[in-house]
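Engineer: Can you keep this structure in mind? I'll have questions shortly.
4 protein chains.
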Amino acid sequence: MAKAPRRRGRPRSEKAQQAILDAATALLIEHGLDAVSMDELADLAGVSKATVYRWWPSKHALALDVLAVDWGAIRPPPRDTGTLRGDLRSILRPWVKVLPSRPYGAVIAALLAEAHMNPEFRALWRARFVDERRDPGRLALARAKERGEIPTGTDAELVLDLLYGAIYHRLLHGHGPMNERIVNAAIDIVLTGIAD
Amino acid sequence: MAKAPRRRGRPRSEKAQQAILDAATALLIEHGLDAVSMDELADLAGVSKATVYRWWPSKHALALDVLAVDWGAIRPPPRDTGTLRGDLRSILRPWVKVLPSRPYGAVIAALLAEAHMNPEFRALWRARFVDERRDPGRLALARAKERGEIPTGTDAELVLDLLYGAIYHRLLHGHGPMNERIVNAAIDIVLTGIAD
Amino acid sequence: MAKAPRRRGRPRSEKAQQAILDAATALLIEHGLDAVSMDELADLAGVSKATVYRWWPSKHALALDVLAVDWGAIRPPPRDTGTLRGDLRSILRPWVKVLPSRPYGAVIAALLAEAHMNPEFRALWRARFVDERRDPGRLALARAKERGEIPTGTDAELVLDLLYGAIYHRLLHGHGPMNERIVNAAIDIVLTGIAD
Amino acid sequence: MAKAPRRRGRPRSEKAQQAILDAATALLIEHGLDAVSMDELADLAGVSKATVYRWWPSKHALALDVLAVDWGAIRPPPRDTGTLRGDLRSILRPWVKVLPSRPYGAVIAALLAEAHMNPEFRALWRARFVDERRDPGRLALARAKERGEIPTGTDAELVLDLLYGAIYHRLLHGHGPMNERIVNAAIDIVLTGIAD
DNA sequence: CGGTAATCGAGACGGTACGTCATGTCTTACA
DNA sequence: TGTAAGACATGACGTACCGTCTCGATTACCG
Chain A
0 MAKAPRRRGR PRSEKAQQAI LDAATALLIE HGLDAVSMDE LADLAGVSKA TVYRWWPSKH
60 ALALDVLAVD WGAIRPPPRD TGTLRGDLRS ILRPWVKVLP SRPYGAVIAA LLAEAHMNPE
120 FRALWRARFV DERRDPGRLA LARAKERGEI PTGTDAELVL DLLYGAIYHR LLHGHGPMNE
180 RIVNAAIDIV LTGIAD
Chain L
0 MAKAPRRRGR PRSEKAQQAI LDAATALLIE HGLDAVSMDE LADLAGVSKA TVYRWWPSKH
60 ALALDVLAVD WGAIRPPPRD TGTLRGDLRS ILRPWVKVLP SRPYGAVIAA LLAEAHMNPE
120 FRALWRARFV DERRDPGRLA LARAKERGEI PTGTDAELVL DLLYGAIYHR LLHGHGPMNE
180 RIVNAAIDIV LTGIAD
Chain B
0 MAKAPRRRGR PRSEKAQQAI LDAATALLIE HGLDAVSMDE LADLAGVSKA TVYRWWPSKH
60 ALALDVLAVD WGAIRPPPRD TGTLRGDLRS ILRPWVKVLP SRPYGAVIAA LLAEAHMNPE
120 FRALWRARFV DERRDPGRLA LARAKERGEI PTGTDAELVL DLLYGAIYHR LLHGHGPMNE
180 RIVNAAIDIV LTGIAD
Chain S
0 MAKAPRRRGR PRSEKAQQAI LDAATALLIE HGLDAVSMDE LADLAGVSKA TVYRWWPSKH
60 ALALDVLAVD WGAIRPPPRD TGTLRGDLRS ILRPWVKVLP SRPYGAVIAA LLAEAHMNPE
120 FRALWRARFV DERRDPGRLA LARAKERGEI PTGTDAELVL DLLYGAIYHR LLHGHGPMNE
180 RIVNAAIDIV LTGIAD
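Protein chains in written order, with numbering that gives the first Met the number 0: chain A, 0 to 195; chain L, 0 to 195; chain B, 0 to 195; chain S, 0 to 195.
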């Protein structure tokens with residue numbers, strides 16, 4: 000792999016970047032996106048605001064990184080279990096084990112709002128968050144079709160929306176808990192519903 | 000019914016209330032919640048900011064009213080069609096006919112974020128928005144159980160989360176369209192999935 | 000004495016007027032003009048704001064009345080004592096006995112500021128406050144000229160400005176006390192200064 | 000003299016400070032203190048309101064600076080002329096030459112009102128305005144006593160109140176003009192009055 | 001090993017919205 | 001008609017945040 004063509008001048012401080020991410024994570028978890036100011040964040044990170052903005056173009060982009068990093072860390076990468084039911088469980092169960100302990104509902108809602116308003120951020124959001132979560136599901140469904148486990152004509156996107164949508168719905172509206180039992184029941188209903 | 004005991008003092012201006020709601024509706028549709036300032040809103044309504052704040056404690060509460068009024072207006076109240084499939088269609092199809100033409104995704108996302116941060120607003124949100132939409136679905140499922148159309152043990156809340164969640168998911172993430180065909184397909188999958 | 004030609008409708012409440020003046024006096028003494036709001040004042044007087052504005056066109060006009068009434072009450076009307084020194088003392092000494100106990104400096108300063116900005120109020124201020132205080136002094140000086148006590152060419156207005164100005168100066172700037180001894184000394188200096 | 004130890008961070012913009020003072024001077028002269036809004040002022044100065052409040056705690060403090068700077072600029076510093084009459088003239092005549100052309104009466108009245116209400120501002124006012132003007136007069140009187148020109152027992156403060164008070168009186172109440180002739184006459188009366 | 005250049009901290013800056021408050025007017029029901 | 005109650009338009013207030021900027025100080029490389 001080619002070495003990065005080392006630019007001149009003082010190199011960026013990896014330590015600063017990490018401090019910013021740590022501070023952002025802590026503050027976002029505790030207060031949510033809107034209640035966190037960039038001044039406060041820079042203070043907590045022991046960093047100047049200019050340094051934050053040198054690395055991230057906006058508060059939203061930073062929050063998205065926090066989300067992606069944190070989520071990425073919790074995910075035991077989905078396995079090919081041989082059955083669609085097993086694959087879906089291996090995808091969804093890690094989420095519901097972690098999500099309740101991290102109040103990211105508020106952050107996700109705020110980023111969704113921003114994605115609706117800001118086309119540039121929307122592209123980032125789709126790529127870094129939506130597709131990142133959806134692709135394993137798409138893969139599992141494709142494999143199931145290949146195996147003849149589900150009809151070839153099944154609308155994979157709809158199946159994902161039913162399952163992911165239910166989880167996001169409870170996460171965002173908070174009207175009920177989300178746990179393994181519920182995830183399993185949801186998977187059962189949907190798989191039964193799409194069987195021949 | 001007893002006549003309202005007419006309070007003393009100048010009565011509140013219904014015209015002003017309506018002007019505020021109208022202006023808020025127009026601005027929310029056009030710009031989204033965060034991009035609407037209260038000054039701008041009051042200006043457009045031909046009303047003073049103090050008057051807005053006299054009747055709504057915050058921009059969020061006002062937006063919630065806008066949403067409730069607008070959504071309430073579009074709804075041909077769900078009918079008892081005799082079958083669960085018919086009932087669910089009569090509930091969900093009006094939504095998907097109207098939602099795409101009103102970019103409320105951004106507004107709902109912003110209100111969700113606020114509901115996560117602000118306990119008072121959360122209570123309001125649950126009562127005025129979440130339950131208001133869910134209750135017809137709960138009723139339809141209860142009737143279906145009485146008729147023996149679905150097993151008594153069916154988890155009604157989960158069924159609603161699967162259906163509503165799918166719709167909200169597409170509305171909020173915007174990764175795919177939501178239309179009658181999709182709603183019908185979703186209903187079919189879920190009803191098949193919960194049949195004996 | 001002819002009875003006032005009783006107008007139709009509910010007669011004005013003299014009690015209300017007095018309550019307003021009393022409340023205004025109390026609040027002005029305690030807080031000064033700018034720190035008193037008309038809502039607060041009406042509340043304390045047990046009166047509606049509309050009633051206040053029916054009798055006084057503005058807060059400043061009301062404050063001017065308070066000042067005039069209060070000042071008028073304290074004044075034993077200046078007597079013709081036979082000498083200019085005696086006349087001036089009988090005019091000025093009542094002021095310095097009462098002024099220190101009533102912190103009207105702030106009120107007078109605020110009204111002066113308003114008089115500078117508002118021509119209508121300026122006329123009121125000149126008539127009700129400035130001339131009301133100056134006229135007795137003018138009279139005393141005119142009598143002294145008639146008696147040959149001071150030269151006919153004496154600039155009476157300047158003499159008054161020296162004496163009144165000194166008192167107002169200490170009242171407004173608060174850099175030193177004002178008492179009978181000082182008033183007497185001031186009168187002595189000025190009378191010596193204008194003697195032949 | 001030690002070099003100022005250059006603080007870290009972006010240095011304050013002297014240009015902005017000057018623009019604020021210039022704008023404040025212009026607006027105060029044109030409209031008076033109460034009729035000038037901080038928004039308007041910041042706009043005219045081409046500066047944000049936050050910057051104004053960063054350096055001046057209130058509109059009053061800013062107006063005091065304007066007054067001090069403007070007054071300081073007009074003053075040919077009082078000279079030691081050898082006689083008390085000459086000294087007092089050299090102090091007072093510059094004022095009356097400039098004051099009529101600058102409608103600071105309203106501003107001074109407003110600041111007086113504030114000084115009566117606000118202890119912190121009162122201290123500022125005394126130091127920056129009252130004593131600043133009085134000290135040259137005190138000095139002149141002290142010199143005159145040393146020279147034996149006036150009795151040692153003369154109450155210097157009262158003398159200053161008679162002279163300064165007369166000028167402020169006309170400036171504030173506006174019932175008569177103030178010019179060199181009047182100032183000279185006032186000085187003559189008082190000096191005659193305090194002679195042995 | 002000294003010059004060059006990008007980064008860092010600190011924090012001031014322009015801009016913009018916030019939610020509150022006070023003034024003086026207006027609109028009702030009641031006296 | 002006068003009054004209490006209180007809603008109303010207007011407009012300033014002082015605060016907070018965003019994202020940009022300008023400093024001196026720091027830290028690498030490159031010549």
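For each residue, glycine too, the CB sits at the ideal point set by N, CA and C.
Could you please give the first and the last residue of the uninterrupted alpha helix (DSSP H) stretch that includes residue 142 of chain A?
Structural biologist: For residue 142 of chain A, the uninterrupted alpha helix (DSSP H) segment begins and ends at 130 to 145.
Engineer: Return the chain-ordered list of same chain residues with a C-beta closer than 8 Å to the C-beta of residue 92 of chain S, the five sequence neighbours on each side being excluded.
Structural biologist: 179, 182
Engineer: If you reduce the DSSP assignment to three classes, tell me which class residue 46 of chain B lands in.
Structural biologist: The DSSP-derived three-state label of residue 46 of chain B is coil.
Engineer: Buried or exposed: residue 134 of chain L, going by 16 or more other Cβ atoms within 10 Å of its Cβ?
Structural biologist: exposed
Engineer: Going by C-alpha distance, which of B/157, B/194, B/33 is nearest residue 150 of chain B?
Structural biologist: In this structure, B/194 is the residue among B/157, B/194, B/33 with its C-alpha nearest to the C-alpha of residue 150 of chain B.
Engineer: Do you know offhand how far residue 94 of chain B's Cα is from residue 156 of chain B's?
Structural biologist: 19 Å
Engineer: Check for me: the alpha helix (DSSP H) holding residue 95 of chain A runs from which residue to which?
Structural biologist: 83 to 97
Engineer: Compute the Euclidean distance between the alpha carbons of residue 39 of chain B and residue 51 of chain B, then round it to the nearest angstrom.
Structural biologist: 12 Å
Engineer: Which residues mark the beginning and the end of the alpha helix (DSSP H) in which residue 116 of chain L is found?
Structural biologist: 104 to 116
Engineer: Under the three-state reduction of DSSP, which class applies to residue 59 of chain L: helix, strand or coil?
Structural biologist: Per DSSP, reduced to three states, the secondary structure at residue 59 of chain L is helical.
Engineer: Look at the Cβ atom of residue 123 of chain L, then the Cβ atom of residue 60 of chain L, and state whether they are nearer than 8 Å.
Structural biologist: yes
Engineer: Can the beta-carbon of residue 23 of chain S be found less than 8 Å from the beta-carbon of residue 65 of chain S?
Structural biologist: yes
Engineer: Counting only beta-carbon atoms, is residue 191 of chain L nearer than 8 Å to chain A?
Structural biologist: yes
Engineer: When you compare the region 113 to 127 of chain L with the region 154 to 170 of chain L, are there three or more beta-carbon pairs, one atom per stretch, that lie closer than 8 Å?
Structural biologist: no
Engineer: Check the Cβ of residue 129 of chain B against every Cβ in chain S and list those closer than 8 Å, keeping chain order.
Structural biologist: Residues of chain S with a Cβ closer than 8 Å to the Cβ of residue 129 of chain B are, in chain order, 172, 174.
Engineer: Please report the distance separating the alpha-carbon of residue 42 of chain S from that of residue 170 of chain L.
Structural biologist: 43 Å
Engineer: Give every residue of the same chain whose Cβ lies closer than 7 Å to the Cβ of residue 47 of chain B, excluding the five residues on either side of it in the sequence, and list them in chain order.
Structural biologist: 41
Engineer: In its own chain, which residues sit with a C-beta less than 6 Å from the C-beta of residue 35 of chain S, not counting the 5 before and 5 after it?
Structural biologist: 26
Engineer: Which residues, in chain order, does the region 87 to 120 of chain A contribute to contact with chain L at a C-beta distance below 9 Å?
Structural biologist: 102, 104, 105, 106, 107, 108, 109, 110, 111, 112, 113, 114, 115, 116
Engineer: If we call anything under 8 Å between Cβ atoms a contact, is residue 31 of chain A one with residue 105 of chain A?
Structural biologist: With contacts defined by Cβ atoms closer than 8 Å, residue 31 of chain A and residue 105 of chain A form a contacting pair.
Engineer: Taking 8 Å as the cut-off, decide whether the C-beta atoms of residue 89 of chain B and residue 101 of chain B are in contact.
Structural biologist: no
Engineer: Is it buried or exposed for residue 130 of chain A, if we count other Cβ within 10 angstroms and need 16 for buried?
Structural biologist: exposed
Engineer: Applying the 10 Å Cβ sphere with the 16-neighbour rule, what's the burial state of residue 21 of chain B?
Structural biologist: exposed
Engineer: With DSSP as the reference, label residue 182 of chain S as helix, strand or coil.
Structural biologist: helix
Engineer: Where residue 14 of chain A and residue 168 of chain A are concerned, what is the direct C-alpha to C-alpha distance, given to the nearest angstrom?
Structural biologist: 37 Å
Engineer: Exposed or buried, residue 187 of chain B, counting other C-beta atoms within 10 Å across all chains shown (16 or more means buried)?
Structural biologist: exposed
Engineer: Helix, strand or coil for residue 100 of chain S per DSSP?
Structural biologist: helix
Engineer: Under three-state DSSP, which class holds residue 30 of chain A?
Structural biologist: helix
Engineer: Can you name, in chain order, every residue of its own chain whose Cβ lies under 8 Å from the Cβ of residue 18 of chain B, other than the five neighbours on each side?
Structural biologist: 44, 45, 46
Engineer: Kindly give me the distance between the Cβ atoms of residue 148 of chain A and residue 98 of chain A, rounded to whole angstroms, as I take these residues to be in contact under 8 Å.
Structural biologist: That belief does not hold up - the Cβ atoms of residue 148 of chain A and residue 98 of chain A are roughly 28 Å apart, past 8 Å.
Engineer: For residue 189 of chain S, does the count of other Cβ atoms within 10 angstroms reach 16, so buried, or fall short, so exposed?
Structural biologist: buried
Engineer: Under the three-state reduction of DSSP, which class applies to residue 39 of chain B: helix, strand or coil?
Structural biologist: helix
Engineer: Less than 8 Å separating the beta-carbons of residue 191 of chain L and residue 191 of chain A?
Structural biologist: yes
Engineer: Nearest to residue 96 of chain B by alpha carbon, out of B/110, B/29, B/70?
Structural biologist: B/70
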